[in-house]
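Asker:
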Amino acid sequence: MIGIFSGGIYRIPHLACFLPQECRKLSLLCPIPEDITQIAVWGYRPTGDKAKELAKKSGLSVLHLEDGFIRSLGLGVSGCPPLSVVLDTRGIYYDANRSSSLEMLIQQQSENQAFYDDARQAMRMIVEDDLSKYNQAPALSEKSVNQEAVLVVDQTYGDMSVIHGNAKAEQFDAMLTAALVEHPNAEVWIKIHPDVLEGKKRGYFTGIRALADRDSRIKLLSQDVSPHSLLRQVSHVYVVTSHYGFEALLAGKTVSVFGQPWYASWGLTDDRHPLSTTLATRRGVASLEDLFSAAYLRYSRYVNPVTGHAGTLFDVISWLTMQRRHQQQRSGQLWAPGLTLWKRSILAPFVRTSINKVNFTKRSLSDTACVVWGIKGERQWQPVADKKQLPLWRIEDGFLRSAGLGSNLHPPLSLVLDKSGIYYDATRSSDLEQMLNHSLLTKYQQKRANALRVNLVSNKISKYNLGATFSLPVEASGKRILLVPGQVEDDASILTGTKDIRTNSELLRTVRERNPHAYIIYKPHPDVLARNRHGHVTPEDIGRWADFQALDADIIQCIQAIDELHTLTSLSGFEALLHGKKVFCYGIPFYAGWGLTKDEYVCPRRVRTLLLTDLIYQTLIAYPSYIDPNNRQPIMAEQAANYLAAAPRPEMLLTKVKTARITRYYKKLRLLIHVVFKT
């Protein structure tokens, strides 16, 4: 049993996930109970001295806790709880004067190859996804550096890693002098600590503004920016003991160190501290993978932000990546004109974040981007956006949408935001197409994609998740069974993703002509069935070219029963791929042209042959955003799938169409009231 005197430690959310055994809150006024075997304190804070003294008197060991190296979305000083904590029974990682548990783990250099495989994956994900200890900062604005730039990193005054890394203010002065002297033709950028920028603490470079006024090469970074977006702009990094130095090593930078942080004196850094040789003798030599696997995979403990249970580094990376992507994609002041109150009500939680502003009026103010609904909104507002020199971003329904039709006013669980085009428009590139062209998944990302596929298939999840139970007619037995899903014929995906064949009747006829002996099932689109959209096929045409019409059937049950799916651009083709079916495309949907489908046409822009895991990851995990319908906060694809799996599924029966339309008007009235009074 671990004893904890500190109320601050005891109140850490999910504390049990970080500790190796159960804990109990203790009082300094009472004796330590006999079942307590260890006392936990926070690092080397003086507030823990009394607890350590009592532990020593009782013959108990001390467990030092500290924030992990991938800590949280926001700053700790702003109250953001940790997602990772490190545990040390020997000291703490930032104390260079004694060996810590981390130092021992590095020296052991685990023989488990899986640690190194995971380390390489995680290192790559952290750099590519621009993650750090704190992850609230926006990326550095894209701009070219006209001359060489080097980075000097300040820290908070009196930081424990500075004190126990055997450094003082003199080391910061020496570091800046070295950067200026060693790079006479370079700009010297000084990175101020986020806590200093927040006004919570002060740094070591107190008189730097006056110095910057005298030396034009010194540039103060007075705004908080994400580490890796900044590191991409510099060639050399100077630190005292900041963890930024290790992140610079991950980014492949030369790092000069003027203190004695945990990652120095292993043969990876340019060590300038006068005692660095002594420390190197104690530590030895290690690779970057040795340091990372020890620090991030074995020394740190994590909570899964989704479940609240003990998790892994990859759980935290995935969640932070999703949260950062959601925020960073929507930064600035967004102008979303011309939306109906219904569209506005469902768009608001998807575009509003804690770091942006959204303007829903028809008047653009000091906006930085124009957000519209699909191609229809683009055609209406592109001239206005061009005149105001605003980039135009398109939003559309995602691929795991809802339990019910959008045209019946079921709000979406997911939307996509595309700054290049939109996924269904085959006439131009889109963000999704570019992501697929450059897809290179880690093993963890492949594992996520495969697990999501299993979830979707086993729970029969589709875009709308509705329909009645379907069984194959007896006469289909022994035949090759084809499914032809109908589409809404004035849908934008038909208008921009097809060529010679553009209607459901034409598609059905073509499939029959090419497959005269197959058993063909035609399934009308749910929106057409509900009389909300265009795309009706006459009974005569169905009788001529199809063997059976699955009016009310659940699309996934249909897919599970067939051998092949033949489509123009329907999302059901993608869903059929998830179920391992052959898919024939008579248009150019987003999932065609990657070697996974039989295609009528070639899309020259699509230059990769992909695995299904690439298509799943980019399409369902990386490209869309998901919002929890209850708290209206961003969630992960896996959470969205679980929500849909548990949601009641409406049956789209013809006998219920009139009732559904009445219900639709009632929902619209409720939503209008919600928009008027709550948004």
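Note that the sequence shown covers residues 0 to 678 in numbering that gives the first Met the number 0.
We put the CB at the ideal spot given by N, CA and C, even for glycine.
Nothing here was measured: the structure is a model prediction, and the numbers come from that model.
How far does the beta strand (DSSP E) with L564 in it reach, from first residue to last?
Answerer: Per DSSP, L564 belongs to the beta strand (DSSP E) from 563 to 566.
Asker: Starting from L494, follow its DSSP beta bridges and name the residues at the other end.
Answerer: Partner(s): none; L494 has no beta bridge.
Asker: Using CA coordinates, which residue listed in I217, L104, L220, Y622 is at the minimum distance from A683?
Answerer: An answer regarding residue 683 cannot be provided, because it is not within the stretch 0 to 678 covered by the chain.
Asker: Determine the extent of the alpha helix (DSSP H) in which E539 is found, giving its start and end residues.
Answerer: First-last of the alpha helix (DSSP H) with E539: 538 to 544.
Asker: Please list, in chain order, all residues of the same chain as L104 whose beta carbon is under 7 Å from its beta carbon, the five residues on each side excluded.
Answerer: Excluding sequence neighbours, L104 sits near A293, R297, Y298.
Asker: CA-CA distance, C22 and Q106?
Answerer: Going by the C-alpha atoms only, they are around 30 Å apart.
Asker: Any idea if T426 is buried or exposed, counting beta-carbon neighbours within 10 angstroms, 16 or more meaning buried?
Answerer: Exposed, because fewer than 16 other Cβ atoms sit within 10 Å of the Cβ of T426.
Asker: With a CB to CB cut of under 6 Å and the five nearest residues on each side skipped, what residues in its chain are close to A560?
Answerer: Excluding sequence neighbours, A560 sits near L471.
Asker: Does the region 107 to 114 come close enough to the region 62 to 82 that 3 or more CB-CB pairs lie under 8 Å?
Answerer: No contact exists between the region 62 to 82 and the region 107 to 114.
Asker: Whose C-alpha, out of K581, T441, N641, is nearest the C-alpha of E127?
Answerer: For E127, the nearest C-alpha among the options comes from T441.
Asker: Give me, in chain order, the residues of the same chain whose beta-carbon lies closer than 7 Å to that of S504; leave out the 5 immediate sequence neighbours on both sides.
Answerer: Once the five neighbours on either side are set aside, the close Cβ partners of S504 are V536, D540.
Asker: DSSP puts A395 in a beta bridge; with which residues?
Answerer: Before going on, a small fix: residue 395 reads as Glu here, not Ala. Beta-bridge pairing links E395 to V415.
Asker: Who are the near neighbours of G373 in its chain, counting only those whose CB is closer than 8 Å to its CB and skipping five residues on each side?
Answerer: Cβ neighbours of G373 beyond the five flanking positions: R393, I394, E395, I421, A491.
Asker: With DSSP as the reference, please indicate the residues paired to S299 in a beta bridge.
Answerer: The partner list for S299 (beta bridge, DSSP) reads V85.
Asker: Could you tell me which of Y93, M0, I35, S71 sits nearest to R44, measuring between CA atoms?
Answerer: With distances taken between Cα atoms, R44 lies closest to Y93.
Asker: Whether or not the region 10 to 19 and the region 301 to 308 are in contact is what I'm after, with contact meaning three or more pairs of Cβ atoms, one per stretch, closer than 8 Å; do they touch?
Answerer: Enough Cβ pairs lie closer than 8 Å, so yes.
Asker: For F547, which three-state DSSP category applies?
Answerer: Reduced to three states, the DSSP call for F547 is strand.
Asker: Taking CB distances under 8 Å as the criterion, tell me whether K522 reaches chain C.
Answerer: Absent from the structure is chain C; it holds one protein chain and no more.
Asker: Taking only the alpha-carbon atoms, compute the straight-line gap between T654 and D546 and give it to the nearest angstrom.
Answerer: Note that T654 scores a pLDDT of 43, beneath 50, so its modelled location is shaky; the value from the coordinates is reported in the next line. Looking at the two C-alpha atoms, the distance is approximately 23 Å.
Asker: Pull up the distance between the alpha-carbon of A309 and that of K199, whole angstroms please.
Answerer: About 31 Å.
Asker: Which whole-angstrom value describes the C-beta separation of L550 and L528, a residue pair presumed to lie in contact below a C-beta threshold of 8 Å?
Answerer: Right, the Cβ-Cβ distance comes to about 7 Å (below 8 Å), so this counts as a contact.
Asker: Look up A517 in the DSSP assignment and say whether it is helix, strand or coil.
Answerer: Residue state, collapsed to three classes: coil.
Asker: N407 to T360, Cα distance in whole Å?
Answerer: Because N407 sits at a pLDDT of 48, beneath the cut-off of 50, its placement in the model cannot be relied upon, and the following sentence gives the value as read from the coordinates. The straight-line gap from Cα to Cα measures roughly 26 Å.
Asker: Quick check: the region 515 to 526 against the region 484 to 502, are there 3 or more CB pairs under 8 Å?
Answerer: Result yes; three or more Cβ-Cβ pairs closer than 8 Å.
Asker: Between which two residues does the beta strand (DSSP E) carrying I38 extend?
Answerer: First-last of the beta strand (DSSP E) with I38: 37 to 41.
Asker: Relative to the C-alpha of G612, which residue among Q388, L576, A368, A475 is closest?
Answerer: It is worth fixing the name first, because residue 612 is Thr in this sequence and not Gly. Nearest of Q388, L576, A368, A475 to T612, Cα basis: L576.
Asker: Just how far apart, CA to CA, sit V284 and K167?
Answerer: Distance between the alpha carbons of V284 and K167 is about 26 Å.
Asker: Note the first and the last residue of the continuous alpha helix (DSSP H) segment covering Q332.
Answerer: Q332 -> not in any alpha helix (DSSP H); beta strand (DSSP E) instead, spanning 331 to 334.
Asker: In chain order, what residues of the same chain lie with their CB nearer than 6 Å to the CB of A517, ignoring the 5 residues before and after it?
Answerer: Around A517: R479, L481.
Asker: Looking only at C-alpha atoms, which of I354, P538, D489, Q548 sits nearest to R532?
Answerer: The option with the nearest alpha carbon to R532 is D489.
Asker: Just curious, the alpha helix (DSSP H) that S228 is in, first and last residue?
Answerer: Start and end: 226 to 230.
Asker: By the DSSP assignment, the alpha helix (DSSP H) with A148 in it spans what residues?
Answerer: Looking at the DSSP string, A148 is not in any alpha helix (DSSP H); the run it does join, the beta strand (DSSP E), is 148 to 152.
Asker: Taking the alpha carbon of T311 as the reference point, which residue from D194, R70, K418, I555 has its own alpha carbon closest?
Answerer: The candidate whose alpha carbon is nearest that of T311 is R70.
Asker: Would you kindly check if the distance between the Cβ of G496 and the Cβ of G586 is under 8 Å?
Answerer: Cβ atoms of G586 and G496: closer than 8 Å.
Asker: Do the region 188 to 204 and the region 169 to 176 meet, that is, are 3 or more Cβ pairs less than 8 Å apart?
Answerer: Contact holds: three or more Cβ-Cβ distances are below 8 Å.
Asker: Of the residues V151, G542, L179, S353, which one's Cα is nearest the Cα of Q746?
Answerer: No information on residue 746 is available, as it lies outside the stretch 0 to 678 that the chain covers here.
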